[in-house]
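Visitor: Below is the structure I would like to discuss, written out as structure tokens.
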Amino acid sequence: MTAVQKRIFINKLALVFSTLSAVIALAFLFWILGVLVMKGVSALNWNIFIYEGAPPGYAESGLKHALVGQLILVGMATGVGVPLGILAGTYLSEYGKNSKLANTIRDISDIMMSAPSIVIGAFVYAVVVIPMGHFSAWAGAIALAIMMMPIILRTTDDMLQLVPGTLREAAFALGAPKYKVIMDVVYRGAKAGILTGVLLGVARVAGETAPLLFTSFNDNFFTTDLNQAMPSLTVTMFNYATSPYEDWQQLGWAAAFILSMFILGLNILGRLILLTRKKGK
Amino acid sequence: MASIIDIKEECALHVRNFDFTYKGAEAPSLKKITMPIAKNSITALIGPSGCGKTTLLRSFNRMHDLYPGNKYEGEILFDGRNILDPKEDLIHLRTRIGMIFQKPTAFPMSIYDNVAYGMRLQGIKNKTELNDRVEKALKDAAIWKEVSDRLKHDANGLSGGQQQRLCIARAIAVEPEVLLFDEPTSALDPISTQGIEKLIIELKDRVSIIIVTHNMQQAARVSDYTGFMYLGDLIELGYTEELFVTPKEKLTQEYITGKFG
Amino acid sequence: MVDKLFQNLTRISAFLILLIVAWIFVVLFNQSTEAMQTFGLDFITKDEWAPNVDKFGAYAAIFGSVASTFLAMLLAIPVAIGVAIFLSEIAHDKIKGFFGVSVELLAAIPSVIYGMWGLFYFVPILRDLTGGMGIGLLAAGIVLSIMILPFMAAVTRDAMNTTPDILKESAYALGGTQWDVIKDVIIPYAKAGIIGSLILALGRAIGETMAVTFVMGNVHKVPTSILSPTTSIPVTLANEFTEADTSLYFSSLFGLALTLLIMSFVVIAIAKFYFLRKARRA
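Chains as they are written, first to last, in my numbering: chain X, 358 to 638; chain H, 11 to 271; chain W, -14 to 267.
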């Protein structure tokens, strides 16, 4: 074999190996996805949306409590985390710019984004649950908001920086004060990007179980009382899946399916928004 | 119609009725190009941007094959064979027809390893042979004096002009028969540009050179033949001194006098 | 007036991030002082975790975290690099788009689902193959590796895609094969970015709770074999936090949380500030 023939042979080998690893990886991932869809769809029925949790063996048991709880928790976290994240991102992009301070905040926030979520749960337990004396929806929402804020901050910062400086200058030249320029020109220019960031941030946080385990805890019954423990799809899924009862496990898969579809939907929507914006230009 | 001169010397390449169509495009980007490339001389390709000069250049070493879906029709004859043949051995072809790019493309490795890279690909392992040929290539590319004491240093530490000469050394180290230059000085300052132009002229004793340039003065300074392209057609190919002084085509005349461009 | 107000509002929000991070450290530190004062260094070097006699040594959990993460990286890295090469260099455009998006969407699937799949589908197979319980270090490592694979492959591909086309073309122009270009140009060029991405994935794996909590066993013992059930810091926290009944027990759990936070901070900081910053500069 000449050197060149040897190289061609190694090339083929390497390409086959890497294609093979892609096939193996995707096979595993589609296996998981397949299980999720098969188990989830077969467990779906209207009862899930009508009934709340019930002891194992009851036909009239569903996930209404967890669905509503999940929406409340994620909604509250979004209501707190998104405005704070956008404001903080605005500071970095429009006021702090490339100052040392702004860069430090960026770095810390980046690290924060990858911090173990269970640790944030422990922190919120110490500062909210212990003083209150019991688990609460507030605690769960705060934990999720803390996770969401750095994600929103980062995308807002990035997206605002993409707005061309000449646009700002043009608005300033008309005599607008800075906050007006930011509100009317910069935010408008970065609207699609920020919206995508918000959707991806919500999607990311909606799938979190660990920070809720000891903040909003869980409840098998429907509640809207924010001062009490509140069920969520993720924690319910965790509890039902680890239970020995088959009907609870079924509900666990249904919860997993509903939540995954919600998260995938948000992800796809976020991508579509960015895509249409790119095409529009 | 196009005015193509007859080249009396020996030719390195013959382009015949060559059409090139990019993936997904409706019309070909190069239309029925017929063009001889003289051996051991410099042929420059000029024309406004989008005229197809770079597309034509990248056909000579089948660079377009890296992006599937592009289509060649017609012939480019090299050493008696049509290199557009789908069965053509591209690895071998590309060691015989080398290329220099718009920007310096030093690989992320040492100066020495950059120059030795092509030879190592061909399986040359002998230390003394590698050393000798690296030194010779660097000398031929007029950069030996500047780098001989730091061959093991990262090539990205060199200046733009030095990097471009390093890339030329890397290309000539494998002793190709043809060298393709794709606007080789577009990213360089005037002094580095002068150095590269001088080097290109020196190289033509050993290789046949095709150079794409957006700079008419550069074409006039370095080349023996010049081809003027416009919208995918080769409008005129002639001796450089004739083409710039007495162009045969009206379009060429308008282009070189700056009526469009 | 409004202008100043708005500016201050944004500034306070930005500072809030710093405040929260500092606050987390302070709270975890305060909450774990009792354990640290009681056990000192023994807390991280001893592996006896016995709530019934109020003795807490975190060594087994720390070891389990490190070992399961190491195992996951060992399994995931070669496959992720293979997938990244496939996605950036081999696949045709259409396949590239489809698989590229699927990999990114899979990275968004909640990790608890990987854990459920592991418990119900993977552990039984592992049990049949290896004997024993199925649950343990190996199961945790494999499930974890599958969980981080999409993220790892996506970021590695992004790092590889930063290699300029012209640099790749130069290597092809010298007669290189695809593999020559990958190993001699793309990987060396994107090295810092690839390593940074891999470490970032490591940071995710080490703090991951839900994918492993079902399949690790929650047994406070340093594993004697790769098949032994064991525990990790997040698994211990998830299983025991709501059961802690003495203040020392609580304090020890906070000590675990602090240890985990420091571990992940260090790992992520190395990835971000050393490798990824270097990659951005290049």
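All C-beta atoms, glycine included, are put in the ideal place defined by N, C-alpha and C.
Opposite tyrosine 240 of chain H in the DSSP bridges: which residues?
Guide: As a working mapping, residue 240 of chain H is identified with position 230 in the second sequence. Answer is H:Asp243.
Visitor: Which class does leucine 372 of chain X belong to by DSSP, given the choice of helix, strand or coil?
Guide: As a working note, residue 372 of chain X is residue 15 in the first sequence. Of the three classes helix, strand and coil, the one that applies to leucine 372 of chain X here is helix, per DSSP.
Visitor: At which residues does the beta strand (DSSP E) containing histidine 24 of chain H begin and terminate?
Guide: The count along the second sequence starts at 1 and reaches residue 24 of chain H at position 14. Run containing histidine 24 of chain H: 21 to 31, per the beta strand (DSSP E) assignment.
Visitor: Listing by chain order, which chain H residues have their CB less than 9 angstroms from the CB of alanine 360 of chain X?
Guide: Against the first sequence, residue 360 of chain X aligns to sequence position 3. Near alanine 360 of chain X (Cβ distances below 9 angstroms), the residues of chain H are Arg130, Leu131, Gln132, Gly133, Ile134, Lys135.
Visitor: Can you list, in chain order, the residues of its chain with a C-beta nearer than 6 angstroms to that of leucine 244 of chain H? Leave out the 5 residues immediately preceding and following it.
Guide: As a working mapping, residue 244 of chain H is identified with position 234 in the second sequence. For leucine 244 of chain H, where only same-chain residues beyond five positions count, the Cβ hits under 6 angstroms are Ala12, Ile43, Met45, Gly237.
Visitor: Under a CB-based cut-off of 7 angstroms, is alanine 76 of chain W close to chain H?
Guide: Translated into the one-based positions of the third sequence, residue 76 of chain W becomes position 91. So no, alanine 76 of chain W is outside the interface.
Visitor: What separation, rounded to the nearest whole angstrom, lies between the Cα atoms of glycine 119 of chain W and alanine 138 of chain W?
Guide: Mapped onto the third sequence, residue 119 of chain W falls at position 134. Mapped onto the third sequence, residue 138 of chain W falls at position 153. Roughly 27 angstroms separates the two Cα atoms.
Visitor: Does the Cβ-Cβ distance between lysine 396 of chain X and tryptophan 610 of chain X come in under 7 angstroms?
Guide: Mapped onto the first sequence, residue 396 of chain X falls at position 39. Mapped onto the first sequence, residue 610 of chain X falls at position 253. In this structure, tryptophan 610 of chain X lies closer than 7 angstroms to lysine 396 of chain X by Cβ.
Visitor: Nearest-angstrom Cα distance between methionine -14 of chain W and leucine 430 of chain X?
Guide: Taking the first residue of the third sequence as position 1, residue -14 of chain W is located at position 1. Taking the first residue of the first sequence as position 1, residue 430 of chain X is located at position 73. Near 36 angstroms, if we compare the C-alpha coordinates of leucine 430 of chain X and methionine -14 of chain W.
Visitor: How many Å lie between proline 95 of chain W and isoleucine 443 of chain X at the Cα?
Guide: Residue numbering aside, residue 95 of chain W sits at position 110 when the third sequence is read from its first letter. Residue numbering aside, residue 443 of chain X sits at position 86 when the first sequence is read from its first letter. Each residue's Cα considered, the two are about 25 angstroms apart.
Visitor: Excluding the five sequence neighbours on either side, which residues of its own chain have a C-beta within less than 6 angstroms of the C-beta of leucine 198 of chain H, listed in chain order?
Guide: Your numbering for residue 198 of chain H matches position 188 in the second sequence. Excluding positions up to five away in sequence, the list reads Gly170, Gly171.
Visitor: Are the beta-carbon atoms of valine 12 of chain W and alanine 483 of chain X separated by less than 7 angstroms?
Guide: Position 27 of the third sequence holds residue 12 of chain W. Position 126 of the first sequence holds residue 483 of chain X. Taking 7 angstroms as the Cβ cut-off, valine 12 of chain W and alanine 483 of chain X qualify as a contacting pair.
Visitor: Around the Cβ of aspartate 123 of chain H, are there at least 16 other Cβ atoms within 10 angstroms (buried) or fewer (exposed)?
Guide: The residue you call residue 123 of chain H lines up with position 113 of the second sequence. Buried, by the Cβ-count rule.
Visitor: Run the CB neighbour count on glutamine 22 of chain W, radius 10 Å, all protein chains shown included, and call it buried at 16 or more, exposed below.
Guide: Position 37 of the third sequence holds residue 22 of chain W. Exposed is the call here.
Visitor: Looking at the secondary structure, which residues open and close the beta strand (DSSP E) in which isoleucine 86 of chain H lies?
Guide: As a first step, residue 86 of chain H is located in the second sequence; it is residue number 76 there, counting from the start. Element bounds for isoleucine 86 of chain H: 81 to 88.
Visitor: Do the stretch 524 to 531 of chain X and the stretch 562 to 571 of chain X make contact, defined as three or more Cβ pairs closer than 8 angstroms?
Guide: Cβ pair count under 8 angstroms is below three, so no.
Visitor: Please classify serine 474 of chain X as buried or exposed, where buried requires at least 16 neighbouring CB atoms within 10 angstroms.
Guide: Here residue 474 of chain X refers to the residue found at position 117 of the first sequence. With 16 or more other Cβ atoms within 10 Å, it is buried.
Visitor: Apart from the five residues just before and just after isoleucine 405 of chain X, which ones in its own chain have a Cβ nearer than 6 angstroms to its Cβ?
Guide: Locating residue 405 of chain X in the first sequence gives position 48, counting from the first residue. Excluding sequence neighbours, isoleucine 405 of chain X sits near Gly419, Leu420, Ala611.
Visitor: Report yes if the C-beta distance between glycine 121 of chain W and serine 213 of chain W is below 7 angstroms; otherwise report no.
Guide: Taking the third sequence and counting its residues from 1, one reaches residue 121 of chain W at position 136. Taking the third sequence and counting its residues from 1, one reaches residue 213 of chain W at position 228. Cβ atoms of glycine 121 of chain W and serine 213 of chain W: closer than 7 angstroms.
Visitor: Only counting the same chain, and skipping five residues up and downstream in sequence, which positions put a Cβ closer than 8 angstroms to that of threonine 231 of chain W?
Guide: In the third sequence, counting from the first residue as 1, residue 231 of chain W sits at position 246. Cβ neighbours of threonine 231 of chain W beyond the five flanking positions: Pro36, Asp39.
Visitor: Is there a Cβ of chain X sitting closer than 7 angstroms to that of isoleucine 2 of chain W, yes or no?
Guide: Taking the first residue of the third sequence as position 1, residue 2 of chain W is located at position 17. Yes, because at least one Cβ of chain X sits closer than 7 angstroms to the Cβ of isoleucine 2 of chain W.
Visitor: Distance, Cα to Cα, alanine 445 of chain X vs tyrosine 452 of chain X?
Guide: Locating residue 445 of chain X in the first sequence gives position 88, counting from the first residue. Locating residue 452 of chain X in the first sequence gives position 95, counting from the first residue. Those two C-alpha atoms are separated by around 10 angstroms.
Visitor: Note down, in chain order, every chain H residue with its Cβ under 8 angstroms from the Cβ of threonine 162 of chain W.
Guide: For the purposes of this step, residue 162 of chain W is taken as the residue at position 177 of the third sequence. Ile101, listed in chain order.
Visitor: Quick one: what does DSSP say tyrosine 249 of chain H is sitting in, helix, strand or coil?
Guide: As a working note, residue 249 of chain H is residue 239 in the second sequence. Here tyrosine 249 of chain H sits in strand by DSSP.
Visitor: For a contact defined as C-beta to C-beta under 9 angstroms, what are the partners of threonine 105 of chain H on chain W?
Guide: On the second sequence, position 95 is the one that residue 105 of chain H refers to. Within chain W, the residues near threonine 105 of chain H are Leu159, Gly160.
Visitor: Note down, in chain order, every chain X residue with its Cβ under 8 angstroms from the Cβ of valine -13 of chain W.
Guide: Your numbering for residue -13 of chain W matches position 2 in the third sequence. Under the 8 angstroms cutoff, chain X gives Pro534, Tyr536.
Visitor: If leucine 23 of chain H and phenylalanine 88 of chain H are in contact, beta carbons under 8 angstroms, what's the gap, nearest whole angstrom?
Guide: Residue 23 of chain H sits at position 13 when you count from the first residue of the second sequence. Residue 88 of chain H sits at position 78 when you count from the first residue of the second sequence. With 8 angstroms as the limit, leucine 23 of chain H and phenylalanine 88 of chain H qualify as a contact, their Cβ atoms being about 5 angstroms apart.
Visitor: Only counting runs of 4 or more residues, tell me where the alpha helix (DSSP H) segments fall wholly within the stretch 401 to 486 of chain X, in order along the chain.
Guide: If we require 4 residues or more, the alpha helix (DSSP H) runs fully inside the stretch 401 to 486 of chain X come out as 404 to 407, 421 to 447, 457 to 470, 474 to 481.
Visitor: Return helix, strand or coil for threonine 215 of chain W, following the three-state DSSP convention.
Guide: Translated into the one-based positions of the third sequence, residue 215 of chain W becomes position 230. Threonine 215 of chain W falls in the strand class under three-state DSSP.
Visitor: Determine the chain W residues that contact asparagine 217 of chain H at a beta-carbon separation under 7 angstroms, and present them in chain order.
Guide: Position 207 of the second sequence, counted from the first residue, corresponds to residue 217 of chain H. First, the amino acid is wrong: residue 217 of chain H is valine here, not asparagine. The contacting residues do not exist; valine 217 of chain H stays about 14 angstroms from chain W at best.
Visitor: In the DSSP output, which residue or residues are listed as bridge partners for isoleucine 235 of chain H?
Guide: As a working mapping, residue 235 of chain H is identified with position 225 in the second sequence. A quick correction: the sequence has tyrosine, not isoleucine, at residue 235 of chain H. Its beta-bridge partners are H:Thr53, H:Tyr249.
Visitor: Is there a Cβ from chain X that is less than 7 angstroms from the Cβ of valine 220 of chain W?
Guide: Locating residue 220 of chain W in the third sequence gives position 235, counting from the first residue. With 7 angstroms as the cut-off, valine 220 of chain W does not count as an interface residue toward chain X.
Visitor: Less than 7 angstroms separating the beta-carbons of leucine 386 of chain X and leucine 111 of chain W?
Guide: Within the first sequence, residue 386 of chain X is the residue found at index 29, counting from 1. Within the third sequence, residue 111 of chain W is the residue found at index 126, counting from 1. Result no, Cβ atoms of leucine 386 of chain X and leucine 111 of chain W do not sit closer than 7 angstroms.
Visitor: According to DSSP, what are the bridge partners of alanine 48 of chain H?
Guide: In the second sequence, residue 48 of chain H corresponds to position 38, counting from 1. For alanine 48 of chain H, which the question treats as bridged, DSSP gives the partners H:Cys21.
Visitor: Quick one: list the residues of chain W neighbouring valine 188 of chain H, beta-carbon separation under 9 angstroms, in chain order.
Guide: As a working note, residue 188 of chain H is residue 178 in the second sequence. Per Cβ cutoff of 9 angstroms: no residues; valine 188 of chain H is ~12 angstroms from chain W at best.
Visitor: Under 7 angstroms, do threonine 31 of chain H and lysine 63 of chain H count as touching if we go by C-beta distance?
Guide: As a working note, residue 31 of chain H is residue 21 in the second sequence. As a working note, residue 63 of chain H is residue 53 in the second sequence. No, Cβ-Cβ distance for threonine 31 of chain H and lysine 63 of chain H is not below 7 angstroms.
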